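Number of protein chains: 2
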Amino acid sequence: MDTRPSLDLVRSLTDEHVLRALMRHRRLTRAELAAETGISKPTAGESVRRLTERGLVADTGERTPGGRGRGRVGSYYSLAAGVGTALAVSIAPEGVVAECLDAYGDTVRRAERPARPEHVAEALREVAAEVGGQPRLAVVSAADPVDRATGRLVHLPDSPFLVGELDPATILGGPVLVDNDVNWAARAERVSQGDDFAYLFLGAGLGCAIVGDGEIRRGRSGLAGEIAHLLTAGPDGRATPFIEVFAQLGLRRPGSTAIDVERLLAAAESTRDAIGRAVAGVVAAAVTLADPGRVIVGGSWGPGLLPDIRAAVGELPRGAPVEPATVTDQPSMAGARAEAVSRLRALIAQTG
Amino acid sequence: MDTRPSLDLVRSLTDEHVLRALMRHRRLTRAELAAETGISKPTAGESVRRLTERGLVADTGERTPGGRGRGRVGSYYSLAAGVGTALAVSIAPEGVVAECLDAYGDTVRRAERPARPEHVAEALREVAAEVGGQPRLAVVSAADPVDRATGRLVHLPDSPFLVGELDPATILGGPVLVDNDVNWAARAERVSQGDDFAYLFLGAGLGCAIVGDGEIRRGRSGLAGEIAHLLTAGPDGRATPFIEVFAQLGLRRPGSTAIDVERLLAAAESTRDAIGRAVAGVVAAAVTLADPGRVIVGGSWGPGLLPDIRAAVGELPRGAPVEPATVTDQPSMAGARAEAVSRLRALIAQTG
DNA sequence: GCTTCAAGTAAGGAGACCTGACTAGAAGGA
DNA sequence: TCCTTCTAGTCAGGTCTCCTTACTTGAAGC
């Protein structure tokens, strides 16, 4: 605890309240700020003066319309243009996407580029340059396991190898937070504070995110949820690594560890049964180890096999409600975006 | 965020700093307090005056010994007797133990009572009365699964049933935090901030605690780590619930789900192999889902089978260092004690 | 009995907040 | 046209916190 109490502390807290109110409401008069934050009118005015001087807040030039009442017109203030932006980036098999976001959460600019795995680094550089504007921080979603300490993409046995060793932090510069796409997708699903759930991503790759006490739990190296080798029930009843189940069912793409989603979705009833039981084994592991309130199933084939999964989970001694994911449109980008905005806001509020 | 900035805030922060310094050092003069907290001498003196008036701090009557220098003698202050105590309670098959702790972490009084499962409620009442002294809060360790929301002991299928439905909160009164013994044992093992590890408890019962980002992760209902039904490799290679492995090996006590530890420790090499592989399956699940930096093995037979467990974990595609528990003397009581003291300190520092 | 030196205390000042009264300035109505 | 009404914003006065600096207190050493 380095919070030596002082008057500086309360002043910076006041300024933070004002900034956060402006982030929520985009523009406010001094009087509205006072009402919104609970601070007195003179203090709110003084804070606006300080923040304007520091270049964080600016008079928009707009005035309160006469329609509101008949009193004196007020001046609207909002965050200054100079408070900066954040970058949200997605690195996926489909390509690389970069979005430049402001503190209100709006996408200011966007760049996209299809990219083969071997050209991802180059594409990343290009989209970052195209979006430009010197963002203050970046949040990156990658469809690969990510080392938590370094932010580098790593290769695990039997995970579909997308990009190779890649270090987004050195490419983008500045503070960069990298995590895998499943964790970001889970963040997009999060509804309330203190939520506990497991997010099962079942697509060409297999992943899982654990949300405990409202936060994504990444583990020591950031590899929590890399469930390819989790032991579960195989088609023959033997203890089998999860990813092996699909090999035994003949559902992996030739020459790759990726799952053949089309064939899987068209599979026979008995195959779907086997998959349901294998997934239920994974759910059992998540329930016993993490005790999620519910299990959310996403990915390209997971929601499609929901009935089979639910049936098998129903057989477990302890289960959890299984639900389909609600965010289906680029869920990992949605999560990365949310995190980027929240971190940008914190940066502005705390350091200017 | 309800922290409306005000001068009250900084004053209470100052007082909190002074109280925390007294908790660390037991007794300090005003001048030492100022040096320790970084607060100026006059402010430290003023805070002591306020806290003395509120009955939280008292002049011990001791004076600085002449040996220190030749200046004026100082008066030592310490926490007043009235700041209160906390209760740490352990409910285990061996009996019920209650300890009364002060804010320095010292055990002020202690009471113990062997108790058959059906008399635990009564024994709990008795030890609490014997220790007495109206504690401000209680922390309870129970050798049973605990419902996180209510603090009640619950019964899960196949867990060795110790006490039955019991609600320590109503028996003890006041704020009561209940959790199972494995989680408390894990807390006792925690070394540094932000640690990530899994604590495998392998004794008459089976349990696991997950520590992520330095905190024990209890999950939605508090049942995270109840691993009896986790699917792992059985002796015959089939996917088998963990607890069932011991049944198949003939190592459960007749008429109970508890494991016969003596027979297990005397078992043949092939049996130890099979147990090692089953535990490795549990480790694999913990590694894939929680990614602990290390796995700590405790309980009455876990450390004894460490070589077998390590051998089997070594075969996994992804493992983690497996270490024996370092706290072996009543680890769960040690954890409960630590939590009780930390909560008591927070209570004193924040509300008086 | 004088000096030394650390503990503790005034005194004075800066800065942050608040309340309540005041000014500024536009719209509405007689 | 002029007065009233009403709201935005500011000013004045007061409280409260902390800090720095200088002073007093009181025991130990010489």
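These protein sequence lines map, in sequence, to chains X and Z.
Taking this note's numbering, the leading residue of the first sequence gets 3, the next gets one more, and so forth.
Taking this note's numbering, the leading residue of the second sequence gets 3, the next gets one more, and so forth.
Every residue gets a Cβ at the ideal spot worked out from N, C-alpha and C, and that includes glycine.
As the structure is a computational prediction, the values presented were derived from the model and not from experiment.
Whole-angstrom Cβ separation of PRO294 (chain X) and ALA322 (chain X), contact assumed at under 8 Å?
6 Å
Sorted by chain position, which residues of the same chain lie with C-beta nearer than 8 Å to ASP238 (chain X)'s C-beta, five sequence neighbours on each side aside?
GLN250
In the DSSP assignment, the alpha helix (DSSP H) including LEU308 (chain X) goes from what residue to what residue?
308-316
For my contact list, THR45 (chain Z) and THR16 (chain Z) are in at a C-beta cut-off of 8 Å; report their separation, rounded to the angstrom.
Indeed, because the Cβ distance is near 6 Å, the residues count as touching under 8 Å.
Please tell me whether ALA292 (chain X) has its Cβ less than 7 Å away from any Cβ of chain Z.
yes
For HIS231 (chain X), decide whether its Cβ has a neighbour in chain Z, counting only Cβ atoms nearer than 7 Å.
yes
Is the Cβ of GLY221 (chain Z) closer than 7 Å to any Cβ of chain X?
Closer than 7 Å: yes.
Rounded to a whole number of angstroms, what is the C-alpha to C-alpha distance between LEU266 (chain Z) and PHE203 (chain Z)?
15 Å
Quick one: which chain X residues come within Cβ less than 7 Å of GLU228 (chain Z)?
Within 7 Å Cβ-Cβ: THR290.
In whole angstroms, give me the CA-to-CA distance for ASP108 (chain X) and GLU264 (chain X).
36 Å
Take the Cβ of ASP61 (chain Z) as the centre, count every other Cβ of all protein chains shown within 10 Å, and call the residue buried at 16 or more, exposed below.
Result: exposed.
Going along the chain, which residues of its own chain have a beta-carbon closer than 8 Å to the beta-carbon of ARG112 (chain X), five neighbours each way excluded?
VAL99, ALA100, GLU101, CYS102, VAL133
Find out if the Cβ-Cβ distance for the pair ASP146 (chain Z), LEU139 (chain Z) is shorter than 7 Å.
no
Hey, is the stretch 208-216 of chain X in contact with the stretch 183-192 of chain X, meaning 3+ C-beta pairs nearer than 8 Å?
yes
Assuming the contact rule is C-beta atoms closer than 8 Å, LEU81 (chain X) and ALA105 (chain X) should be a hit. Round their C-beta distance to whole Å, please.
6 Å
Could you tell me which residues DSSP pairs with TYR201 (chain X) in its beta bridges?
X:ALA211, X:ILE298
Got a sec? Which residues, its chain only, sit under 6 Å from GLU64 (chain X) by beta carbon, not counting five neighbours each side?
TYR78
Grouping DSSP H, G and I as helix and E and B as strand, with all else coil, what is SER77 (chain Z)?
Three-state DSSP puts SER77 (chain Z) in a strand.
Quick test of your reading: SER143 (chain X) and ASP181 (chain X), contact by CB under 8 Å. State the CB separation rounded to the nearest angstrom.
7 Å
Taking the C-alpha atoms as reference points, what is the distance between ARG255 (chain Z) and GLY207 (chain Z)?
11 Å
Do you know how far the Cα of ARG220 (chain Z) is from the Cα of LEU58 (chain X)?
41 Å
When DSSP builds the beta bridges, which residues end up paired with GLU325 (chain Z)?
Z:ILE298
What do you get for SER49 (chain Z), buried or exposed, if any count of 16 or more other CB atoms within 10 angstroms of its CB means buried?
A residue is called buried when at least 16 other Cβ atoms come within 10 angstroms of its Cβ; SER49 (chain Z) meets this threshold and is buried.
If you run the structure through DSSP and keep just helix, strand and coil, what is LEU233 (chain Z)?
strand
Shorter than 7 Å from the beta carbon of ARG189 (chain Z) to some beta carbon of chain X?
no
Within 10 angstroms of the Cβ of HIS157 (chain Z), are there 16 or more other Cβ atoms? Answer buried if so, exposed if not.
So HIS157 (chain Z) counts as exposed.
Using 10 angstroms around the beta-carbon of ALA336 (chain Z), count the other beta-carbons present and answer buried if the total reaches 16, otherwise exposed.
buried
Quick one: which chain X residues come within Cβ less than 8 Å of SER8 (chain Z)?
VAL12
Looking at chain X, is there any beta carbon in it that lies within less than 7 Å of the beta carbon of ALA286 (chain Z)?
So, interface residue.
At 3 residues or longer, and completely inside the stretch 5-71 of chain Z: list those beta strand (DSSP E) runs for me, N to C.
59-65
Quick check on the burial criterion: 16 or more other C-beta atoms within 10 angstroms. Buried or exposed for ARG51 (chain X)?
exposed
Just to make sure I have the definition right: I need the residues of chain Z whose C-beta is within less than 8 Å of the C-beta of ARG240 (chain X). Which are they?
Against chain Z, a Cβ distance below 8 Å from ARG240 (chain X) picks out GLY239, ARG240, ALA241.
Report buried or exposed for GLY205 (chain Z), applying the criterion of at least 16 other Cβ atoms within 10 angstroms of its Cβ.
Result: buried.
Among residues of its own chain, excluding the 5 on either side of VAL289 (chain X), which ones have a beta-carbon nearer than 6 Å to its beta-carbon?
ARG320, ALA322
So PRO326 (chain Z) and PRO305 (chain Z) are in contact, right, with Cβ under 8 Å, and what is the actual spacing, rounded?
4 Å
Is there a Cβ of chain Z sitting closer than 7 Å to that of GLU137 (chain X), yes or no?
Checking the sequence shown, residue 137 (chain X) turns out to be Pro, not Glu. No, because no Cβ of chain Z sits closer than 7 Å to the Cβ of PRO137 (chain X).
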